[in-house]
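Have a look at the structure below, then the notes.
In my numbering, the protein residues as written are 6 to 488.
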């Protein structure tokens with residue numbers, strides 16, 4: 006195969022790159038430190054590589070493993086050529102190893118559709134009973150609809166998927182499982198889950214100008230809270246264009262982004278509570294949600310130093326030294342800030358208050374789906390599990406250890422924080438199946454700013470409970486169908 010002639014050389018090149026990225030220059034002390042870092046990283050990589058995937062020895066005779074994806078969405082899990090970029094070439098290597106091991110040909114099929122069009126094509130293919138792919142990737146909240154229509158396999162019924170392995174994030178497995186069923190896969194098959202984790206970037210140089218400490222101290226001593234963030238940014242504002250109006254050309258302490266979603270789990274709130282009897286109930290009508298709304302509203306709409314902009318637009322402020330702190334996702338470091346000269350650091354979203362024991366970092370993903378039309382579940386399970394394992398062993402280290410830690414961040418503290426973030430990432434069941442719950446927070450903090458959560462909840466409670474009832478009924482039907 007095309008990949009195999011380059012596999013050994015590429016693996017060697019990647020191993021050398023891990024070593025070279027960890028090395029430093031200069032005196033004996035720094036050489037010693039670099040040697041220790043290199044040894045530690047090598048040991049970690051070896052430990053990853055040593056984890057067995059417990060898959061059987063199989064020869065599939067050159068058979069195609071077909072992945073169905075939306076246009077441009079395959080870049081985090083598929084490539085058919087090297088280009089010298091570390092992450093891309095790690096994906097290439099991971100696929101090549103899987104192909105060599107099982108004698109398969111991994112191919113990506115472009116649906117030529119946007120998110121909505123791609124989702125409809127998946128639906129049409131499955132309902133028509135066509136054998137068109139082994140797996141499909143799809144938008145997260147659209148995937149839940151396909152699952153509830155009975156078009157997707159229960160992943161617990163797919164042979165060789167081992168959810169105890171580290172390439173299956175434990176929170177995602179726990180969150181996406183309901184009544185012992187899980188229809189959507191979020192694994193290290195792709196690095197998107199880490200890529201799309203919500204964080205806060207801060208401008209180190211501006212913090213010096215404003216005589217502020219970098220927030221790492223608060224992160225490490227457990228006091229990085231919304232109140233702490235608010236205290237740092239509430240009075241930080243400069244009318245740079247001198248027009249006496251707060252506008253996009255001014256400097257702010259904190260630039261947030263709307264629409265506001267995936268904000269609840271990270272503040273230790275459970276939008277949907279799974280009950281012992283297999284039911285679901287709303288979990289946001291409580292004092293903790295009120296506290297969140299009041300604190301976020303005060304920060305974003307009553308503080309001189311904060312502003313909320315459209316999604317993805319905080320980059321305009323932060324990249325031009327007009328924001329001390331800015332909302333973002335980890336991929337901003339890789340795809341955006343790498344091309345700027347901003348001296349930045351990264352921290353997780355803060356805790357809601359001191360009562361919150363642990364930090365949580367919310368993320369979204371594009372899920373992998375196994376269609377009920379799947380002809381050979383053993384084949385699909387083995388190859389997907391193998392590619393998830395290789396993603397954990399090769400692709401994730403390339404992204405995290407090299408591209409992010411070494412190339413796109415500038416200090417040891419950011420590296421430590423990224424380690425914490427990776428350990429506390431959370432995915433939310435309600436965002437997938439009843440995203441309207443997040444709509445409440447978006448209305449109050451972005452679309453129609455207000456602190457009046459109680460009134461909005463009262464207006465929405467009936468419709469939200471109706472959606473919960475509909476979801477439960479869909480699961481009841483699925484259980485009857487699946488047995």
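Glycine included, C-beta positions come from ideal geometry on N, C-alpha and C.
query: Alpha-carbon spacing of residue 356 relative to residue 296, whole angstroms; result: 12 Å
query: One or two residues paired with residue 68 in a DSSP bridge; result: 109
query: Other residues of its chain near residue 138: CB distance less than 8 Å, five sequence neighbours each side excluded; result: 71, 72, 73, 114, 130 and 376
query: Beta-carbon separation (whole angstroms), residue 241 vs residue 333, contact threshold 8 Å; result: About 18 Å; that fails the 8 Å criterion.
query: Buried versus exposed, by CB contacts within 10 Å (16 or more), residue 231; result: buried
query: Delimiting residues of the alpha helix (DSSP H) encompassing residue 392; result: 382–395
query: Meets three-Cβ-pair contact criterion under 8 Å: the region 150–158 and the region 102–118; result: no
query: Helix, strand or coil at residue 158 [DSSP, three-state]; result: coil
query: Own chain, CB closer than 8 Å to residue 167, minus 5 neighbours either side, in chain order; result: 58, 59, 173 and 390
query: DSSP three-state assignment for residue 422, whether helix, strand or coil; result: helix
query: DSSP-derived helix/strand/coil call for residue 352; result: strand
query: C-beta contact flag for residue 441 and residue 469 at 8 Å; result: yes
query: Three-state secondary structure assigned by DSSP to residue 230; result: strand
query: Unbroken beta strand (DSSP E) run spanning residue 4, endpoints; result: No answer is possible for residue 4: it lies beyond the span of the chain, which begins at 6 and ends at 488.
query: Nearest-angstrom Cβ-Cβ length linking residue 188 and residue 279, presumed shorter than 8 Å; result: Wrong, their Cβ atoms sit about 15 Å apart, outside the cutoff.
query: Simplified DSSP state of residue 399, which is helix, strand or coil; result: helix
query: Sequence-distant residues of the same chain with beta carbon closer than 7 Å to residue 410, five excluded per side; result: 420 and 423
query: Residue 293, enclosing alpha helix (DSSP H) - first and last residue; result: 292–302
query: CA-to-CA distance, residue 283 to residue 473, given in whole angstroms; result: 12 Å
query: Buried versus exposed call for residue 301 [16 or more other C-beta atoms within 10 Å across all chains shown]; result: buried
query: Cβ shell of residue 477 (< 7 Å), same chain only, five flanking positions each side left out; result: 284 and 285
query: Helix, strand or coil at residue 483 [DSSP, three-state]; result: helix
query: Under 8 Å between C-beta atoms of residue 119 and residue 147; result: no
query: Residues bridged to residue 331 (per DSSP); result: 206 and 260
query: Delimiting residues of the beta strand (DSSP E) encompassing residue 127; result: That residue, residue 127, is in no beta strand (DSSP E); its alpha helix (DSSP H) goes 120–132.
query: Beta bridge counterpart(s) of residue 287 as assigned by DSSP; result: 277
query: Classification of residue 208 by the beta-carbon crowding that lies within 10 angstroms, buried from 16 upward; result: buried
query: Cβ pair residue 399, residue 95 closer than 8 Å; result: yes
query: Beta-carbon proximity of residue 342 to residue 324, cut-off 8 Å; result: yes
query: Beta-carbon proximity check, residue 205 vs residue 352, cutoff 8 Å; result: yes
query: Per DSSP, cross-strand counterpart(s) of residue 115; result: 74
query: Element boundaries [beta strand (DSSP E), containing residue 338]; result: It is not in any beta strand (DSSP E) - residue 338 instead sits in the alpha helix (DSSP H) that spans 336–340.
query: Touching by the beta-carbon criterion (3+ pairs, under 8 Å), the region 362–372 and the region 188–203; result: yes
query: Residue of 145, 141, 235 and 267 minimising C-alpha distance to residue 379; result: 141
query: Where residue 354 falls, given that 16 or more other Cβ within 10 Å makes a residue buried; result: buried
query: C-alpha distance - residue 236 paired with residue 304, whole-angstrom precision; result: 9 Å
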